[in-house]
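I have placed the structure first, in the form of structure tokens, so that the comments after it can refer back to it.
Number of protein chains: 4
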Amino acid sequence: MNTPEPKLLIELPMAMRWRDLDAFNHANNSTFLTYIEEARLHWFKKFDGAWLTETLAPVVAAIQVNYRRQLAWPANIIVGLHCERLGNTSVTIAHRIIDGSDRSTVYSDGHTVLVWIDTASGKPVALPEAVRRACQ
Amino acid sequence: MNTPEPKLLIELPMAMRWRDLDAFNHANNSTFLTYIEEARLHWFKKFDGAWLTETLAPVVAAIQVNYRRQLAWPANIIVGLHCERLGNTSVTIAHRIIDGSDRSTVYSDGHTVLVWIDTASGKPVALPEAVRRACQ
Amino acid sequence: MNTPEPKLLIELPMAMRWRDLDAFNHANNSTFLTYIEEARLHWFKKFDGAWLTETLAPVVAAIQVNYRRQLAWPANIIVGLHCERLGNTSVTIAHRIIDGSDRSTVYSDGHTVLVWIDTASGKPVALPEAVRRACQ
Amino acid sequence: MNTPEPKLLIELPMAMRWRDLDAFNHANNSTFLTYIEEARLHWFKKFDGAWLTETLAPVVAAIQVNYRRQLAWPANIIVGLHCERLGNTSVTIAHRIIDGSDRSTVYSDGHTVLVWIDTASGKPVALPEAVRRACQ
Chain A
0 MNTPEPKLLI ELPMAMRWRD LDAFNHANNS TFLTYIEEAR LHWFKKFDGA WLTETLAPVV
60 AAIQVNYRRQ LAWPANIIVG LHCERLGNTS VTIAHRIIDG SDRSTVYSDG HTVLVWIDTA
120 SGKPVALPEA VRRACQ
Chain B
0 MNTPEPKLLI ELPMAMRWRD LDAFNHANNS TFLTYIEEAR LHWFKKFDGA WLTETLAPVV
60 AAIQVNYRRQ LAWPANIIVG LHCERLGNTS VTIAHRIIDG SDRSTVYSDG HTVLVWIDTA
120 SGKPVALPEA VRRACQ
Chain C
0 MNTPEPKLLI ELPMAMRWRD LDAFNHANNS TFLTYIEEAR LHWFKKFDGA WLTETLAPVV
60 AAIQVNYRRQ LAWPANIIVG LHCERLGNTS VTIAHRIIDG SDRSTVYSDG HTVLVWIDTA
120 SGKPVALPEA VRRACQ
Chain D
0 MNTPEPKLLI ELPMAMRWRD LDAFNHANNS TFLTYIEEAR LHWFKKFDGA WLTETLAPVV
60 AAIQVNYRRQ LAWPANIIVG LHCERLGNTS VTIAHRIIDG SDRSTVYSDG HTVLVWIDTA
120 SGKPVALPEA VRRACQ
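This is how it looks when you write it as structure tokens:
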């Protein structure tokens, strides 16, 4: 196990959608997880190896999100992911959602713990090498 | 500030929807926040006083969610909320999602920090008395 | 091809969710399709044969929805599906969303055209016998 | 009442999201309404007059959608809206969703009937002049 300097994994610009708003007229709290997920999946696609096979799949084990500022429509945002901690069977990824036209405006931050599971047993396995390489 | 014994605030039975599934054929991680929100809003409606006014509104300040077990469709779940900590300007609510027909099956737990804001300034205010009463 | 008397396929009671609301504080137009889909999938599960195989899957070919009345939270609704027309490769299903405590209150009606496709080619195939039986 | 030549109202490029997929691994049928809505709202924002006031709000009266081709993630799409029919109290808007990098690939088409309602009575009113101007 080691704790690397946080490494930037991806920065994904995204457009908010009007449907992301809830009845309080701001982006719903659950939508932030969809933004973070979108960046995560785009990061997976950049791996130099498989992130999803017949027998292996990534799952979110835990997530922590701070809501720093309300987000109104329309808005362009940037979702940034950093590798925070690389373990044997899990990787912790810091997320940060900032404004697309003013990077000093932070809407949200926090971190996600990902594991890869054996799809038959549902149990976590050692992190695939492609994941380890993508974090280092 | 005090730290009461965790008090059960509400238990809400809910039916999962097929659309809650994502391409991995399990309930998407963001959907759990929608389940928790649904229980929270039903709890708000039970208050013996206003939880939403022209000038006051609740917002999620932070959320932490552990995903303990994958959730497949169809399923009936129960979302339980407990008061974990009652502060001056925030309340921390523990959430727990269990199976509707087997309460020992835990899909998720964690906690949410709620604040009430002045809708004009966006700043947190002292917790409304109705919230304090609902937690004690 | 024949045109049977409309046959009731299923009536599914559902609870609306707060997240179904949009910034206009009523159930979003897209959400009605999720309600209709939920009833449709529960209907599929009642078939006395396969509705989904390695090579066959149902897809929505077209949908038409009339929004008769705004739907506010909280609400219990009932989604009813009827077989409207049974063709060689498609089935047209009428949908109707009514109030759970007042069946004369109609929120929406319309119809959906379903086809079953060969998952390899993406082309419609003759309707599976289990579908035909479920409609007659 | 008149029936103008279809007038292009807006073309909005959008990025699909992974969460738009359902368990069949293609964009869910309800999501197409969210794409169409996003273009519609961006069109509203271009009006040279109010589209939403204390007393007036647009609502979808009916929608018809043809699903021409399955949509997989990731994808960039373009949502185009045309004015199809301008009535006294309703406007019919044709929608068309095409591929962002190949305009000849059509994922969906159909049309939406919009009305503006008096928010107190819920009844349709004469179309606001800003809407009429935006369609002509």
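Residue numbers (numbering that gives the first Met the number 0), protein chains in the order written: chain A, 0 to 135; chain B, 0 to 135; chain C, 0 to 135; chain D, 0 to 135.
We put the CB at the ideal spot given by N, CA and C, even for glycine.
9 Å Cβ cutoff met for residue i and residue j
i                : j                : result
Ala74 (chain D)  : Leu20 (chain B)  : no
Arg16 (chain A)  : Glu53 (chain D)  : no
Ala133 (chain D) : Phe46 (chain D)  : yes
Glu128 (chain A) : Pro5 (chain A)   : no
Arg67 (chain D)  : Asp101 (chain D) : no
Val64 (chain B)  : Asn28 (chain B)  : yes
Arg39 (chain C)  : Leu7 (chain C)   : no
Gln135 (chain C) : Leu55 (chain C)  : no
Thr111 (chain B) : Ala61 (chain B)  : yes
Trp137 (chain B) : Thr88 (chain B)  : Here chain B has residues from 0 to 135 only, and residue 137 (chain B) is not among them.
Gly48 (chain D)  : Gln69 (chain C)  : no
Tyr106 (chain A) : Asp117 (chain A) : no
Leu11 (chain C)  : Pro57 (chain C)  : no
Ile96 (chain D)  : Tyr34 (chain D)  : yes
Met13 (chain D)  : Ala119 (chain A) : no
Ile9 (chain D)   : His41 (chain D)  : yes
His130 (chain B) : Val90 (chain B)  : Note that residue 130 (chain B) is Val in the sequence shown, not His. Cβ atoms of Val130 (chain B) and Val90 (chain B): closer than 9 Å.
Within-9 Å CB hit, residue i to chain A
i                : result
Pro73 (chain D)  : yes
Thr91 (chain B)  : no
Tyr106 (chain B) : no
Ala49 (chain C)  : no
Contacts that residue i makes with chain A (C-beta to C-beta distance below 9 Å)
i               : result
Thr33 (chain D) : Arg16, Trp17 and Arg18
Neighbour flag for residue i against chain D, beta carbons, 9 Å
i                : result
Thr118 (chain B) : no
Pro3 (chain B)   : At Pro3 (chain B) the pLDDT is 48, less than 50, meaning the model places this residue with poor confidence and gives no usable figure here.
Thr52 (chain A)  : no
Ala133 (chain C) : no
Met0 (chain B)   : In this prediction, Met0 (chain B) has a pLDDT of 48, which is less than 50 and means its spatial position is unreliable; nothing more can be read from the coordinates.
Neighbouring residues, chain C, relative to residue i (Cβ below 7 Å)
i               : result
Leu40 (chain B) : Trp17
Test: residue i CB closer than 9 Å to a CB of chain C
i                : result
Lys44 (chain B)  : yes
Glu37 (chain B)  : yes
Asn87 (chain A)  : no
Thr125 (chain A) : Sequence inspection shows Ala at residue 125 (chain A); the Thr mentioned does not correspond to that position. False, the Cβ-Cβ gap to chain C never drops below 9 Å.
Gly99 (chain D)  : no
Residues that residue i contacts on chain D, provided the C-beta gap is smaller than 7 Å
i               : result
Ile62 (chain C) : Asn28 and Val64
Short CB-CB distance (under 9 Å) between residue i and chain B
i                : result
Ala129 (chain A) : no
Val78 (chain A)  : no
Ala56 (chain D)  : no
Query raised in the report: Of all the beta strand (DSSP E) runs that stay within the bounds of the stretch 2–66 of chain B, which reach a length of 3 or more residues?
Result: 6–14 and 55–66
Query raised in the report: In the stretch 59–130 of chain D, which residue ranges form an unbroken beta strand (DSSP E) of at least 3 residues, counting only runs that do not cross its ends?
Result: With a minimum length of 3 residues, the continuous beta strand (DSSP E) runs that stay inside the stretch 59–130 of chain D are 75–85, 89–98 and 105–117.
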